[in-house]
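Just so you know, we're using the working numbering here: the sequence shown kicks off at 1 and counts up by one.
Cβ coordinates follow ideal geometry from the N, Cα and C atoms, glycine included.
This report refers to the structure that appears directly beneath it.
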Amino acid sequence: MSSFLSGIERDPLDTDFIRMTFRSFVQRGILIIMVVNPLHAILLWLNQSHWWQFSLLAMIVQLPLYPLCARQRSFAVFLPSVLVLFATVTAYLILFSEHFGSLAGFHYLAMALIPLVIFAGRIGLKLKVLICLMMAVGMFVYELEIRGSANSPLSAEALKQLRVLNLLICFVTISLLTFTHFVTVSQIQSELQRLAAYDPLTQLVNRRRMEQLAEQAILLSWRQKYPLSVILADVDNFKMINDRHGHPVGDAALRHISDLILMIARDSDSCCRWGGEEFLILLPHTDLSGAMQVAERIRAEVAAATLQTPDVALEMQLTLGVAMLMPKEQLVDLIKRADTALYEGKKAGRNCVVKSDPQPS
């Protein structure tokens, strides 16, 4: 059994997210049952059928399973609880279908189990398909037979009410579980996209995302013929900061500088952690003169803003290279010119802003 489960765990479709989502769905399913059973009980009681007691009894039996299917429960507790839940639901549907006949529509509720089967990570894909096909065939066979309708203890009107209620329950359950799954997946996908696009330390966009944004901005700059500039900034003597004060202080320094850059940058600008201690700022609709002014503001703000940590008060400086996009220039060449200007600033003594003069085309 353990080898079988370990084989399933290697299934790429069986992830921790799928398993936790399935547990949430099971709990929601139990809550739905807590509503469905009383609805059946009320309708049966109104039609003077003593089977309303069995509906409430089923609810009482299934209610304790809710906490046993929680996320924090071990699999050894969760699995038996799910099996008991499916067994009681199956017995409930079979007994009520046999007693009231197919016109009551209790067999429709089996369709509500389809989302749980599909979202179960430990069930293989082929087995999911097989189970769903078996459920569909069984339902259609039962529907065609119309068993027990003539001998049903309920009137035709009562059977119609049960049938409509069960169809409505089936529709609402499938819609609710599917919608919940859609929202959950969308939220996870948004978070994954954010993690893939942003640097976890500084919360600036990462290099990969910046390259995408820059390529798009360059194309727009060519088409609409507006200026575009970049600023490449490097923290002076950053290795010394790490060596003297440790990497936690170095991380705090990078976050501090990132906050200052974001404070100065416009909403239309894109700010990126380009390398270890390098930052790249993309400035659409900004010529070389305007970019120089922004770079100087960043340099002055960083030099003036002392970073206060529990262990040290740290003063930092930046060297910045500035370049404006030339006609038909590619991103790699634009960044290279900014980097060359930055290197010249390092040689000139650091803590300065150096521009890369556009070359005539």
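Proximity test, residue i beta-carbon vs the ligand ADP heavy atom, cut-off 7 Å
i: T306; result: The model depicted lacks the ligand ADP and carries no ligand whatsoever.
Chain-order list of residues whose beta-carbon lies under 7 Å from that of residue i (same chain, five-residue window excluded)
i: R19; result: G121
i: L116; result: F25, V26, G29
i: E9; result: Any reading at E9 must be qualified, since the residue scores a pLDDT of 47, below 50, and its modelled position is unreliable; the value itself is stated next. If we look at E9 and ignore the five residues flanking it on each side, it has no Cβ neighbours.
i: E315; result: T306
i: R223; result: none
i: A58; result: N37, T88, Y92
i: E277; result: D234, V235, F238, L254
Cβ pair residue i, residue j closer than 8 Å
i: L165; j: L39; result: yes
i: V205; j: L213; result: yes
i: L342; j: E215; result: no
i: L109; j: L93; result: yes
i: R255; j: L201; result: yes
i: M324; j: P227; result: yes
i: F86; j: F96; result: no
i: S229; j: T286; result: yes
i: E296; j: V354; result: no
i: T21; j: F179; result: no
i: W45; j: H99; result: no
i: S49; j: P153; result: yes
is_contact[residue i, chain D] using C-beta, thresh 8 Å
i: L44; result: The structure shown contains no chain D, having only a single protein chain.
Residues of its chain near residue i, where Cβ-Cβ distance is below 8 Å and the 5 sequence neighbours each way are ignored
i: T340; result: G321, S356
i: Q53; result: A41
i: I298; result: I231, A233, L260, I261, I264, I281, L318, L320
i: E143; result: S102, H107
Local conformation of residue i per DSSP, three classes
i: R369; result: This structure gives no information on residue 369, because the portion of the chain shown stretches from 1 to 361.
i: A265; result: coil
i: G349; result: coil
i: G290; result: helix
i: A313; result: strand
i: A341; result: helix
i: M326; result: coil
i: K355; result: strand
i: G101; result: coil
i: Y142; result: helix
i: C69; result: coil
i: D333; result: helix
i: Y198; result: strand
i: T184; result: helix
i: A305; result: coil
Supposed close pair residue i, residue j - CB separation, criterion 8 Å
i: I123; j: F17; result: About 16 Å; that fails the 8 Å criterion.
i: I261; j: V235; result: So it is not a contact: roughly 11 Å between Cβ atoms.
i: Q62; j: I33; result: 6 Å
i: M307; j: A252; result: Note that residue 307 is Leu in the sequence shown here, rather than Met. With a Cβ gap of about 6 Å, L307 and A252 count as contacting.
i: I264; j: V294; result: 7 Å
i: L282; j: D269; result: 6 Å
Neighbourhood of residue i by C-beta distance below 6 Å, restricted to the same chain and skipping five residues each side
i: I169; result: V36
i: K346; result: T319
i: N47; result: L154, A158
Q: Taking 8 Å as the threshold, find out whether the region 69-87 comes into contact with the region 124-132 through three or more Cβ pairs.
A: The region 69-87 vs the region 124-132: no contact.
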